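J.:
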Amino acid sequence: MPRRQTVTPCTSPAWTASPTRSATRDRGPGRPWTVDTGWTRVGLGLDSGLLFAGSANGLRAVDTDSGERRWTHDLGDWSVTAPAVGRDTLFVGGDRLWALDPTEGGGDAGPPVRFERSFHGRVGPGPVLDDGTLYVVAETGEETTHLLALS
1 MPRRQTVTPC TSPAWTASPT RSATRDRGPG RPWTVDTGWT RVGLGLDSGL
51 LFAGSANGLR AVDTDSGERR WTHDLGDWSV TAPAVGRDTL FVGGDRLWAL
101 DPTEGGGDAG PPVRFERSFH GRVGPGPVLD DGTLYVVAET GEETTHLLAL
151 S
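Counting with the UniProt record's numbering, you get residues 1 to 151 for the letters of the sequence shown.
1) Out of G49, R70, S48, point me to the one whose CA is closest to D36's CA.
2) Helix, strand or coil: how does DSSP classify D65 here?
3) Decide if F115 is buried, meaning its Cβ has at least 16 other Cβ atoms within 10 Å, or exposed.
4) Below 9 Å between beta carbons: does that hold for P102 and A61?
5) Are G49 and R87 close, meaning C-beta to C-beta below 9 Å?
6) Any idea what DSSP makes of W78, helix, strand or coil?
7) Are the CB atoms of V137 and R96 nearer to each other than 9 Å?
8) Could you tell me which of W78, L90, G76 sits nearest to L44, measuring between CA atoms?
9) According to DSSP, is E143 part of a helix, a strand, or is it coil?
10) Grouping DSSP H, G and I as helix and E and B as strand, with all else coil, what is T34?
11) Looking at the secondary structure, which residues open and close the beta strand (DSSP E) in which G54 lies?
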């Protein structure tokens, strides 16, 4: 049975990412659209009219009204985590933790990087942002993984 991930914002349109490697807006205001996202097996992020889809090919920002790709960003050689948005910053993990400006970016140039943080290995599930603290799971040593609270 195919796996689907769905994000439903307050404005009521539905976006889905499917194993067919596309994101689809199939109802709500505006015109329907489909965009190639690459294989997306983590959650989607949504903020200020942008849908964020991470895949083995990197992270993409898509305009929710038009379906146009706003930017892409290479996240290294490891599958990405679900994106988290807060404090006007987009946080996503891959072979390191990335903090990006979610609103800017010029196509293949990607968004400005606010910071990136490397660990001994890859960043695992998350990140999660709560009340100014960013929680991530990361490999911190050989066969050692920790839940980290960053502020």
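We treat Cβ as the ideally placed atom computed from N, Cα and C, and that holds for glycine. This structure is a prediction, so every number in the text was calculated from the model and none was measured.
T.: Quick look at the numbers:
1) R70
2) coil
3) exposed
4) yes
5) no
6) coil
7) no
8) L90
9) coil
10) strand
11) 50-55
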